[in-house]
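Please read the structure below before turning to the comments.
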Amino acid sequence: MHLFDRPSSPQSRLASLNITRRQALAGGLLLASAPLLAGCFGGGGSSGTVYGQPSGDTPKQYKDRQRVVMWSPFTAHNAEILQANIDAFNESQDAIFCEVQIFEGYDKVESKLAASLQAKQVPDLSVMSDIVWNRFYLNDALEPLSGYFDDSFGTDSFHEQFLKEGTLKDKIWWVPFGRSTPLFYYNRDIFAEVGLPDRSPKTYSEYREWGKALAGYSRNGTKVAMRGYTGNDDWYFQGSSWAFGGGYSDGLDMRFTSEGTIKALEFDRAFIHDDKSGYLSADPGGDFIAGATASITESTGALTGIAASAEFEFGCGFLPKEDGTGVPTGGGGLSILGYASDDRKKAAWEVLKFLSSGDAAIEWTLGTGYMPTTKAALESDKVKAKASENPNYQVAIDQLEIAQGPDVVRKFVPEAVPEMKGAIQAVYSGNADAEKTLKTVQANLEPALEKVRAKYDAKVGA
Numbered sequence: 033m034h035l036f037d038r039p040s041s042p043q044s045r046l047a048s049l050n051i052t053r054r055q056a057l058a059g060g061l062l063l064a065s066a067p068l069l070a071g072c073f074g075g076g077g078s079s080g081t082v083y084g085q086p087s088g089d090t091p092k093q094y095k096d097r098q099r100v101v102m103w104s105p106f107t108a109h110n111a112e113i114l115q116a117n118i119d120a121f122n123e124s125q126d127a128i129f130c131e132v133q134i135f136e137g138y139d140k141v142e143s144k145l146a147a148s149l150q151a152k153q154v155p156d157l158s159v160m161s162d163i164v165w166n167r168f169y170l171n172d173a174l175e176p177l178s179g180y181f182d183d184s185f186g187t188d189s190f191h192e193q194f195l196k197e198g199t200l201k202d203k204i205w206w207v208p209f210g211r212s213t214p215l216f217y218y219n220r221d222i223f224a225e226v227g228l229p230d231r232s233p234k235t236y237s238e239y240r241e242w243g244k245a246l247a248g249y250s251r252n253g254t255k256v257a258m259r260g261y262t263g264n265d266d267w268y269f270q271g272s273s274w275a276f277g278g279g280y281s282d283g284l285d286m287r288f289t290s291e292g293t294i295k296a297l298e299f300d301r302a303f304i305h306d307d308k309s310g311y312l313s314a315d316p317g318g319d320f321i322a323g324a325t326a327s328i329t330e331s332t333g334a335l336t337g338i339a340a341s342a343e344f345e346f347g348c349g350f351l352p353k354e355d356g357t358g359v360p361t362g363g364g365g366l367s368i369l370g371y372a373s374d375d376r377k378k379a380a381w382e383v384l385k386f387l388s389s390g391d392a393a394i395e396w397t398l399g400t401g402y403m404p405t406t407k408a409a410l411e412s413d414k415v416k417a418k419a420s421e422n423p424n425y426q427v428a429i430d431q432l433e434i435a436q437g438p439d440v441v442r443k444f445v446p447e448a449v450p451e452m453k454g455a456i457q458a459v460y461s462g463n464a465d466a467e468k469t470l471k472t473v474q475a476n477l478e479p480a481l482e483k484v485r486a487k488y489d490a491k492v493g494a
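In short: position in the sequence shown from 1, add 32, done, that's the numbering used here.
In structure tokens form, the structure reads like this:
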């Protein structure tokens, strides 16, 4: 979900800092491809079973230290920022060496983790998306973190909203790292030229009218659309479904066929096919930077990259409302694998604590554009100065007040996201009927939901 987490030149990117080719391709020792987590393994770290650690590169000067393997979805610029912080950790003490192994995107991390559990060879620490960690929790693969906090690093270090999202059954399983919300990005020059206000639209209805006002506009010989849609991530539609009064589910009760969810998808269909204001894009962020679109809905985590690449002034604002608000939180967090040995878990906690504290947390926010998730970072002079210098950085912080975590079905039913990706692609690209498409989604997901119901009821509850 993050545009600039994608490497444009793997060789040049991996050559920077200490990111090695082995780190980026470490997953090759596991299954070439693995199904999404489907409960095909059991037990859990609490059983006392210890799995092996993935192989990798340990520089000579760190050979005598406890090794921690961390799996990460971040590539390109964000990988460089993370590696700089890990390098700082490795130099800050003489007992632990952390090696980051990179997979391109959250989906790749998820499939490799599922494969690693089958292969009985797991990392110690992993970045997981806000939906994926729930599935590994459901399958007893994660270490409860509540007992690791102490006076030097307590639970009150984190923003309450984000820490709550990583808590189940009164235990913390996942702490925030690289959290985001979508923002509305707009080209201020284009908006000014066609007479649109210098702000984000207040409602989706207003946004549709703005799209019509842009019709026929060209810039530098190129016809400009209002928005390029992605078909590779349903995160944005999860938010708009709420804005129209719908959603994916209420608990495990599915709501894909609710009036609000249908209205949200019908809005997108009409915006694209009736109004010709949008289109399904292979690279919405790239199109926005190139000036082919006047606006995009994109992650907070893309803010720094867009600012570095765009040759025009752009603004950021809250997502539109309609019948209500619809702002989803997203991004990643850190979990420790339950099947690591106790020594590996303790060392992994030290890495987690370092990344979430002091200068490391601040530099991660400033370097990537992800939201500050700790109170220290949020209140730091550097972050405040950045937000004052560029108000776009303050928008996501302010918008968090109306944001919420994903619906239960999106988190705990692995088939839900690919099913919805297929649905929005059918509507965005093929002008499929929104209501019929969503009825098919709900029918297709019934068996998948029933497969997780018993575990969900036992381990999560109402």
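Quick reminder that beta carbons are idealized off the backbone N, C-alpha and C, glycines included.
Query, Result
"Assigned secondary structure, E411 (DSSP; H/G/I helix, E/B strand, else coil)", "coil"
"For T361, the three-state DSSP class (helix, strand or coil)", "coil"
"Range covered by the beta strand (DSSP E) that runs through W274", "Unbroken run through W274 is the alpha helix (DSSP H), 267 to 275; no beta strand (DSSP E)."
"Inter-stretch contact (C-beta, 8 angstroms, three-pair minimum) for the region 369 to 383 and the region 76 to 95", "yes"
"Sequence-distant residues of its chain with Cβ nearer than 8 angstroms to F190 (five each side left out)", "V207, P208, S388, T405, T406, K407"
"DSSP state of K251 mapped onto helix, strand, coil", "The identity of residue 251 in the sequence shown is Arg, whereas the question assumes Lys. R251 falls in the strand class under three-state DSSP."
"Residue burial classification, P155 (beta-carbon count within 10 angstroms, cutoff 16)", "buried"
"Same chain, Cβ closer than 8 angstroms to Q431, neighbours up to 5 away in sequence not counted", "T213, L215, F350, L351, V359"
"E175 burial status per 10 Å Cβ neighbour count (16 or more: buried)", "buried"
"Per-residue burial, E433 [other beta carbons within 10 Å of its own, 16 or more giving buried]", "exposed"
"C-alpha distance - L177 paired with G248, whole-angstrom precision", "55 angstroms"
"Endpoints, the beta strand (DSSP E) within which F344 is located", "Here F344 belongs to no beta strand (DSSP E), and DSSP marks it neither H nor E."
"Of the residues I128, A120, S273, the one placed nearest E354, counting alpha carbons only", "S273"
"Whole-angstrom distance between A111 and D37, CA atom to CA atom", "The predicted position of D37 is uncertain, since its pLDDT is 38 and thus under 50; no value can be drawn from it."
"DSSP-derived helix/strand/coil call for R485", "helix"
"Own chain residues within Cβ distance below 6 angstroms of N161, not counting five before or after", "This sequence places Ser at residue 161; Asn is not what is there. Excluding sequence neighbours, S161 sits near Y138, G364."
"Under the three-state DSSP convention, the category G462 falls into", "helix"
"Where Q85 sits in the DSSP three-state scheme", "coil"
"Own chain residues within Cβ distance below 7 angstroms of L284, not counting five before or after", "V440, V441, L481, R485, Y488"
"Beta-carbon spacing of Y218, S327 below 7 angstroms", "yes"
"Three-way DSSP call (helix, strand, coil) for V492 in this model", "coil"
"Rounded distance between the beta-carbons of E451 and V427, thought under 8 angstroms", "Rounded, the Cβ-Cβ distance is 31 angstroms, inconsistent with contact."
"Distance CB(G260)-CB(S313) smaller than 7 angstroms", "yes"
"G271 versus G210: straight-line alpha-carbon distance, rounded", "19 angstroms"
"Cα-Cα separation, T254 to W242", "19 angstroms"
"Supposed contact pair T262 and T336 - C-beta distance, whole angstroms, cut 8 angstroms", "No, T336 and T262 are not in contact; Cβ-Cβ is about 19 angstroms, not under 8 angstroms."
"Presumed contact (8 angstroms Cβ cut-off) between Y268 and A448, rounded CB distance", "The pair is not a contact, with the Cβ atoms about 15 angstroms apart (cut-off 8 angstroms)."
"Residue(s) in a DSSP beta bridge with E330", "L215"
"Straight-line Cα distance separating A224 from A120", "45 angstroms"
"Closest by C-alpha distance to N528, when choosing among R97, K295, M286", "Only positions 33 to 494 of the chain appear in the structure, and residue 528 is not among them; the question remains open."
"Closest by C-alpha distance to K443, when choosing among E197, A419, D306, E238", "E197"
"F135 (DSSP reduced to helix, strand or coil)", "coil"
"DSSP-derived helix/strand/coil call for G370", "coil"
"Beta-bridge pairing of W242 - partner residues as DSSP gives them", "Paired residues: none, contrary to the question."
"Distance CB(Y239)-CB(G333) smaller than 7 angstroms", "no"
"Status (buried if at least 16 other CB within 10 Å, exposed otherwise) for S420", "exposed"
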